[in-house]
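When the letters of the sequence shown are read in order and numbered with the working numbering, they come out as residues 1109 to 1438.
Quick notes on the structure that follows.
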Amino acid sequence: MKRRILSGMRPTGPLHLGHLHGVLKNWSRLQDEYECFYFIADWHALTTEYEDPSKISEFSKELFLEWLSVGLSPEKCIMFLQSEVKEHAELYLLFGMFVPVPWLERNPTYKDMLQNLKHKDLATYGFLGYPVLQAADILIYRAEKVPVGLDQVPHLELTREIARRFNYLYRTDLFPEPEPLLSEVPKIPGTDGRKMSKSYGNAIFLNDSPEEVRKKVLSYVTDTQRPRKSDPGDPENRCVAFNLIKLYFSSEELQEIVEDCKGAKLGCFECKRRLAERVIAQLEPIWEKREKLEKEPWQDYLREGISKAREVARETMSAAEKAIFGKKIV
Ligand code: TRP
């Protein structure tokens, strides 16, 4: 029996290279080793986008198509849309009865986001309850591991506390206490050297055209203390594109690049030109698959995922109800 993992993504915009290297490659790798549940967290997107939810469904569709394009396979993992599996909401409601409000108020992600998203009114019940919904997402499948980034670790801690409290209150061992599955996440710089992010406007998107990719890669800030090719560079310490370059060249190639940069033989323009071709070569099969998908019954893949997810979720939900209410009266 394979161990079960679960993870989700909020459909709030197009995917970029940061998602590809930081999340999706990892998810693809895990497909063979674990029983994987991956879902589009559209209700979670709604907690911050409730004033203008018009793009959520388009982003959800795009997200699913990109997942398939990068190699997540409906034969290997269960991919679904959160809002189509109502049991998430049902379990969330039950958890809401016994989760103390102070657990939620001291959640660091909550405090951070309130600060960072000042332009949005997030003093809502739904936003405070976000981690309870996340706990329901995970526990409704009784997942043991959750591949996530460091920022999600407090949510996982809360999920364990909720599982423990449920099991204690209703004298059951229904819920496991899931652990985060942290992986080595490479730093992906955007064109300006800051972390790649849609909101910084520095991202290379998976659905950019080859021309856009080329243009963006060439616009990377490199070593600002090296205005001319004849100046020796210091890629490891001063080039902001270097963390990206490292991902696209073999160690031998990298060694040569570093030597030629330090030796003032390789200019930044030429270096970025080579990088752009590598990025394009990596994206090409993804673009091809994406195009093929238009003619494939991808909606059936999603429907199948939803129905498999429902089956498991239904089972957990019955057990949870039984633990709380005992035998049904009708
Ligand atoms: N909160 C996660 C994020 O912002 C998304 C998410 C929702 C999730 N439910 C989840 C991740 C359950 C893992 C498991 O990225």
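Don't be surprised by glycine CBs; every beta carbon is placed ideally from N, CA and C.
Since this is a predicted model, take the numbers as computed values, not measurements.
Check	Outcome
Cβ-heavy atom distance, residue 1291 to the ligand COA, below 6 Å	The ligand COA is not part of this structure, which contains only the ligand TRP.
Enclosing beta strand (DSSP E) for residue 1396 [first to last residue]	Where residue 1396 is concerned, there is no enclosing beta strand (DSSP E), although the alpha helix (DSSP H) it sits in stretches over 1376–1401.
When 1135, 1117 and 1111 are compared against residue 1292, the one with the closest alpha-carbon	1135
Identified DSSP bridge partners for residue 1116	1147
Distance CB(residue 1255)-CB(residue 1115) smaller than 7 Å	yes
Under 7 Å between C-beta atoms of residue 1157 and residue 1123	no
Selected residue, minimal CA-CA separation from residue 1168, among 1342, 1208, 1118 and 1438	1118
Reduced DSSP secondary structure (H/G/I, E/B, other) of residue 1187	strand
Chain-order list of residues whose beta-carbon lies under 7 Å from that of residue 1154 (same chain, five-residue window excluded)	1161 and 1164
Per-residue DSSP class, three states only, for residue 1206	coil
Pick from 1399, 1396 and 1296 that is closest to residue 1354, judged by C-alpha positions	1296
Classification of residue 1308 by the beta-carbon crowding that lies within 10 angstroms, buried from 16 upward	exposed
8 Å contact criterion, which residue 1193 and residue 1417 should meet: CB distance rounded	5 Å
Whole-angstrom distance between residue 1326 and residue 1382, CA atom to CA atom	10 Å
Best match in 1259, 1242, 1258 and 1257 for proximity to residue 1251 [C-alpha to C-alpha]	1242
CA nearest to the CA of residue 1235, picked from 1217, 1188 and 1334	1217
Residue 1254 (DSSP reduced to helix, strand or coil)	strand
Residue 1248 Cβ short of 6 Å to the ligand TRP heavy atom set	no
The segment 1303–1323 / the segment 1332–1350 touching (three or more Cβ pairs under 8 Å)	no
Given 8 Å, three or more beta-carbon pairs between the segment 1369–1381 and the segment 1402–1422	no
Residue 1279 beta carbon near the ligand TRP (any heavy atom closer than 6 Å)	no
For residue 1419, three-class secondary structure by DSSP	helix
Separation of residue 1361 from residue 1215, as counted between CA atoms	45 Å
Beta-carbon separation (whole angstroms), residue 1176 vs residue 1401, contact threshold 8 Å	6 Å
Proximity test, residue 1115 beta-carbon vs the ligand TRP heavy atom, cut-off 6 Å	yes
Spatial neighbours of residue 1289 in its chain, beta-carbon cut-off 7 Å, leaving aside the 5 residues before and after	1113, 1253, 1254 and 1255
Sub-7 Å separation of residue 1301 and residue 1329 beta-carbons	yes
Extent of the continuous alpha helix (DSSP H) run through residue 1343	1343–1346
Helix, strand or coil at residue 1313 according to DSSP, with G and I counted as helix	strand
DSSP bridge partner residues for residue 1289 (one or two, in chain order)	1255
Any non-hydrogen atom of the ligand TRP within 6 Å of residue 1268 CB	no
Helix, strand or coil at residue 1129 according to DSSP, with G and I counted as helix	helix
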